[in-house]
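Residue numbers (our numbering), protein chains in the order written: chain C, 180 to 749; chain G, 669 to 1021.
What follows is the structure, encoded as structure tokens:
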């Protein structure tokens, strides 16, 4: 795909710089730079906002240099400098343009404040000079990172990423470590009221870079990415101890984290539940479902209708209603599944989207108001109780989510390796061949829809119990998109991927409130970037990865065979 | 004979047909009941029909983009609804500026022309950029990959425009020239609706002529038949695909202006529902088929505006207009189930997997 280019490195550097500058301008104009202006990563030195407009220049310059890998060191540094300069010029042009005409009439974020942020708080002329110099430094830095040996480079990149992460997650880290006595005080000393202190950043840098540098020096172990189940080679005792430790940690999380973070965890776990369900439909069986929220809604509404005294003369308890909600979800999964059996990928996506919208519109309509409460929704939904003990705080409901996720993850994991799971994957990879091999595609597909619907419905019932109310407005298309994004970014068909995806995608907007406003922008960009560069996801499923990189792997194998053959003929 | 027939029918077919039959019975029963009740007079029905035709015109122009792209790449350009949104949302600023300097009512035709050019230009550039950045590298990837990219692109664009222009509604100034109505015999026609219907019809004819008569259109049709052979015949496939997106973008931008004449408020989410309905229209008419898109859009527009009153009112459903979107989606689902090739069939794509 990438043919060696004959263009001069200078021209490419300037081109890249201009594109990177345009990206930085876009990030500024959509308001991200200004939104993160107070979120320090290293206190008093630089903020997330500055990272947002400098990182595109740094990263794109680095990738450009890596792609063309110009030969003498001097050329690398100068092309980095040129790219940085070009990016800086674009940003400077925005400031100049903004100071001449009033851009704010059109772009609401093009405020004088933004220009001040871009000019590092300085006035016009010195600000522009500083901006250009900083951008050039970024470009040269990208070149420098390319030149240094790969072991050092990887350590530095990791350390920089960790500094950003630690700086951003300051509040979460401190909440946890605050209880650790002297260690907690030590950790606290690393942090300023916002972000890390300079010393703290240095310590994190040295620590992480050191660990990575040391680890890369160790003899390379077999990469487990291509093996099925990397842990199978470990000793069983170690494995059980790890699992036990994780379970213990999960059980202890709510008291450690406190109410605020437990609430975030509830949201994450709810999306893990839904993600595990959609992962079966999309990831295992390859049926792209865009109306997944429908089953969530059906679960939540069944719970609401059966347990709310508003709509029901003799309301049930949570546990009495749960089986009915589950049955309702399975039945609706089959009802959706039946008509779409013959449909191909993109038609299926649209039909399911339509189905999701129909469910929402029906719940919203005045026609069904006597049953579903119309736009007012349903209130007074029962909360789960054991005897006299009612689960009603975020921390208590966490355990309900935990149990749900535990059961569902176990079922999903066993299903993946079962006969049914392998049939799903066969259908995903080639439907015609699978049918020719005698697979009953009707039962298989319906099973996928029903299981996915069931998992989502369980999430819906807990959601209804958590809020004690359901509204049609919370059942919109964006929920489906959230779930779809998390399973795709985590890795389609990969169960650990669902956990990773949910933690990253659902946790981050809650932890960084500034980010919440841009979540769908970022999800959209991530979906595109993921599909373009790494379609198998962050934590890929081994089988799925093979499928997506079939040709590359085959080519590699061919090349190996050929070189072996060459060797033997000599 | 009977036996082979019985063997071919499966349980799922029966269920599907039963659902279809039940809905058909409900529609007929509802219509008869409504007409028997005589709740609405003839003038109301004609009003609804004209509204439906105007809506249909807008859908037709958007549907053209779906149909052309599907014909050539065999993918649903999910982000087309955002291509449709981007143009008129940007043009609203131009309209506002024109209204501020007073041109909007003193030179109405020139103003409309400027706004239309802005809208079509922005939509077309977004469409071309989208193809270049998001879709071109994925040609030949497994089926789900470009579709997911398109969904990502759709959300990225939606929220980018929200970030750029704000999340509020952007009002579109009223034009004196298009205010009020005129009488056509005894029928009352709003000027905006007449403009939209005529405009959509003329534009659709022009675009159809471009696809059928020009060199670019011929190249597009040949690429949609067979990319490799078209390339061997000396057609630049990449450029042809770009020009397809360009044409789709232009028509979406034009549709946007017409849409704003009907509903004078632009916002970042305005593309989603019309986009979905235009896709329905494209499928209804037969995707990949330009006259089909027009026909499907008109049918859908009519069903959507007449449908709730005709089918649902008679059954005593309150506030039936709330369900107009549900009707459109139900039509989509059932068309895809019973006749996925649409009314006119898929024309551009004779042989496809």
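Just so you know, even glycine gets a beta-carbon here, dropped at the ideal spot from N, CA and C. Bear in mind the structure is a predicted one, so any value in this text is a computation, not a measurement.
For residue 856/G, no alpha helix (DSSP H) encloses it; the enclosing beta strand (DSSP E) starts and ends at 855-858. As the crow flies, the alpha-carbon of residue 470/C is around 44 Å from that of residue 222/C. Residues of the region 984-1011 of chain G with a C-beta less than 7 Å from any C-beta of chain C: 985, 986, 987, 990, 991, 993, 994, 997, 998, 1000, 1001, 1004, 1005, 1008, listed in chain order.
Counting only runs of 4 or more residues that sit fully inside the region 415-492 of chain C, the alpha helix (DSSP H) segments are 415-457, 472-486, in chain order. For residue 914/G, the enclosing alpha helix (DSSP H) has its first and last residue at 905-930. Boundaries of the beta strand (DSSP E) around residue 849/G: 849-852. DSSP, read as helix, strand or coil, puts residue 939/G in coil. Around the beta carbon of residue 652/C, fewer than 16 other beta carbons lie within 10 angstroms, which makes this residue exposed. Cβ proximity to chain C below 8 Å picks out 805, 806, 809, 810, 811, 812, 813, 814, 815, 816, 817, 819, 820, 821, 822, 823 from the region 803-823 of chain G. Of all residues in the region 428-459 of chain C, none is placed with a Cβ closer than 7 Å to any Cβ belonging to chain G. When rounded, the separation of the alpha-carbon atoms in residue 773/G and residue 844/G is 6 Å. Residues of chain C whose Cβ lies closer than 8 Å to the Cβ of residue 732/G do not exist, since the nearest Cβ in that chain is about 17 Å away. Counting along the chain, residue 582/C sits inside the alpha helix (DSSP H) bounded by residues 573-596. Against chain C, a Cβ distance below 7 Å from residue 937/G picks out nothing, because the smallest value is about 10 Å. Taking a C-beta distance under 8 Å as the contact criterion, residue 636/C and residue 478/C qualify as a contact pair. The residue among 1012/G, 964/G, 993/G, 1010/G with its C-alpha nearest the C-alpha of residue 541/C is 993/G. Where residue 714/G is concerned, the enclosing alpha helix (DSSP H) starts and stops at 710-741. In this structure residue 556/C is not in contact with residue 659/C, their Cβ atoms being roughly 19 Å apart against a cut-off of 8 Å.
When the beta-carbon positions are compared, residue 921/G and residue 765/G stay at least 8 Å from each other. In the three-state scheme derived from DSSP, where H, G and I count as helix and E and B as strand, residue 838/G is classed as strand. Contact annotation: in the region 742-773 of chain G, residues whose CB is within less than 7 Å of a CB in chain C are 743, 744, 761. By the rule that beta-carbons nearer than 8 Å mark a contact, residue 927/G does not touch chain C.
In this structure the region 481-497 of chain C does not touch the region 702-714 of chain C; the number of beta carbon pairs closer than 8 Å is below three. Residues of the region 680-704 of chain G that bring their beta carbon within less than 7 Å of a beta carbon in chain C comprise 680, 683, 684, in sequence order. If you compare the alpha carbons of 343/C, 358/C, 726/C with that of residue 381/C, the shortest gap goes to 343/C.
Ranked by Cα distance from residue 839/G, the first of 823/G, 999/G, 933/G is 933/G. In the DSSP assignment, residue 699/C falls within the alpha helix (DSSP H) that extends over 698-712.
For residue 701/G, the closest C-alpha among the options 786/G, 978/G, 736/G, 861/G is that of 978/G. Fewer than three pairs of CB atoms, one per stretch, sit closer than 8 Å, so the region 776-790 of chain G makes no contact with the region 694-709 of chain G. If you ignore the 5 residues before and after residue 282/C, its C-beta comes within less than 6 Å of the C-beta of 289, all in its own chain and listed in chain order.
Within the region 709-721 of chain G, contact with chain C at the beta-carbon level (separation under 7 Å) is assigned to no residue. The region 660-667 of chain C and the region 438-457 of chain C touch, with no fewer than 3 CB-CB distances between them shorter than 8 Å.
Distance from residue 879/G to residue 891/G at the Cβ level is roughly 12 Å; contact not present, criterion being Cβ atoms closer than 8 Å.
In the DSSP assignment, residue 934/G is bridged to 838/G. Straight through space, the alpha carbons of residue 731/C and residue 326/C are spaced by roughly 28 Å. When DSSP states are grouped into helix, strand and coil, residue 564/C belongs to the strand group.
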